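Numbering (the numbering used here), first residue to last: 1 to 268.
Structure below.
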């Protein structure tokens, strides 16, 4: 009668156990041909079977069906018996929500910087200075407050260089989205025509342009030393003009514009 061939994994496992001996209990995880696996305390090795205590039961496993044997540790709750787990090792080998590596958010926070620079652009639609391009240097005052000094160029019908002082209160310092309140007071020493708007006017002089704003915004912190900002609010703009027309009539007028504004930009 022919003897059954011995699988290499079975032979290696037998030699491993024989070399270590049974001076203390061995806990193993055994994978078999049908896709199941058993965890438990190895209590006996026979010529054809292994005996494994798993929970309150003793499992008999044919050595010919064994595909893989891995050492494991006993359950911390019991020094004598480990927990039995039976299932498909093909499915068990796949990462699950519990053992899949978790991606962590970048630890860099823009609001940890003492100084920040913001470059933005937007619109003031209810004024003759519709398009806005701004540069603002911010200094954090501690806590959730920041103070900024900025310069911008506004143009459409008229153009002006505008200087501003701004205050910003962050409603949240952590997380990706950081909402804030923003208020500013701006001043321009003078303004002028932009393009060909001055047809029929011999002379036009502007008083200083004054503007105050207040709005709500959000900072999206990418975690890579760069953030995106968006801001929506209300602006009030005041100025007066002295105009001399082509027939030498002098016209002095004061203007007040109230309306929304929208700004978007980058901060770093």
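For each residue, glycine too, the CB sits at the ideal point set by N, CA and C.
Note that the structure is predicted; figures quoted are calculated from it, not measured.
Alpha-carbon spacing of residue i relative to residue j, whole angstroms
{"i": "residue 230", "j": "residue 263", "result": "6 angstroms"}
{"i": "residue 120", "j": "residue 217", "result": "13 angstroms"}
{"i": "residue 165", "j": "residue 244", "result": "33 angstroms"}
{"i": "residue 247", "j": "residue 205", "result": "17 angstroms"}
{"i": "residue 215", "j": "residue 179", "result": "11 angstroms"}
{"i": "residue 181", "j": "residue 171", "result": "7 angstroms"}
{"i": "residue 176", "j": "residue 266", "result": "15 angstroms"}
{"i": "residue 138", "j": "residue 131", "result": "22 angstroms"}
{"i": "residue 45", "j": "residue 108", "result": "56 angstroms"}
{"i": "residue 117", "j": "residue 211", "result": "22 angstroms"}
{"i": "residue 136", "j": "residue 242", "result": "31 angstroms"}
{"i": "residue 56", "j": "residue 35", "result": "22 angstroms"}
{"i": "residue 6", "j": "residue 70", "result": "Unreliable positioning characterises residue 6 in this predicted model, as indicated by a pLDDT of 47, which lies under 50. The coordinate reading is nonetheless provided below. If I take the Cα positions, the gap works out to 19 angstroms."}
{"i": "residue 22", "j": "residue 39", "result": "The pLDDT assigned to residue 22 is 43, lower than 50, so where the model puts this residue is not dependable, and the model offers no usable value."}
{"i": "residue 220", "j": "residue 157", "result": "33 angstroms"}
{"i": "residue 222", "j": "residue 174", "result": "12 angstroms"}
{"i": "residue 134", "j": "residue 224", "result": "23 angstroms"}
{"i": "residue 153", "j": "residue 186", "result": "12 angstroms"}
{"i": "residue 54", "j": "residue 27", "result": "10 angstroms"}
{"i": "residue 237", "j": "residue 209", "result": "7 angstroms"}
{"i": "residue 123", "j": "residue 151", "result": "15 angstroms"}
{"i": "residue 228", "j": "residue 73", "result": "50 angstroms"}
{"i": "residue 169", "j": "residue 37", "result": "58 angstroms"}
{"i": "residue 128", "j": "residue 110", "result": "35 angstroms"}
{"i": "residue 250", "j": "residue 234", "result": "33 angstroms"}
{"i": "residue 47", "j": "residue 41", "result": "18 angstroms"}
Residue range of the beta strand (DSSP E) that includes residue i
{"i": "residue 162", "result": "158-170"}
{"i": "residue 213", "result": "209-221"}
{"i": "residue 243", "result": "227-245"}
{"i": "residue 176", "result": "Careful: residue 176 lies outside any beta strand (DSSP E) and carries neither H nor E."}
{"i": "residue 278", "result": "There is simply no residue 278 to check, as the chain begins at 1 and stops at 268 in what is shown."}
{"i": "residue 71", "result": "66-71"}
{"i": "residue 263", "result": "250-267"}
{"i": "residue 29", "result": "26-32"}
For residue i, the residue or residues it bridges with in DSSP
{"i": "residue 132", "result": "122 and 154"}
{"i": "residue 193", "result": "158"}
{"i": "residue 182", "result": "168 and 215"}
{"i": "residue 137", "result": "117 and 149"}
{"i": "residue 54", "result": "57"}
{"i": "residue 40", "result": "28"}
{"i": "residue 204", "result": "243"}
{"i": "residue 188", "result": "209"}
{"i": "residue 142", "result": "145"}
8 angstroms Cβ cutoff met for residue i and residue j
{"i": "residue 240", "j": "residue 207", "result": "yes"}
{"i": "residue 191", "j": "residue 159", "result": "yes"}
{"i": "residue 213", "j": "residue 258", "result": "no"}
{"i": "residue 52", "j": "residue 30", "result": "yes"}
{"i": "residue 65", "j": "residue 112", "result": "no"}
{"i": "residue 67", "j": "residue 49", "result": "no"}
{"i": "residue 140", "j": "residue 114", "result": "yes"}
{"i": "residue 232", "j": "residue 268", "result": "no"}
Is it a yes or a no for the region 247-258 touching the region 145-157, going by three-plus beta-carbon pairs under 8 angstroms? Proximity of the region 247-258 to the region 145-157 falls short of the contact definition, fewer than three beta-carbon pairs being nearer than 8 angstroms.
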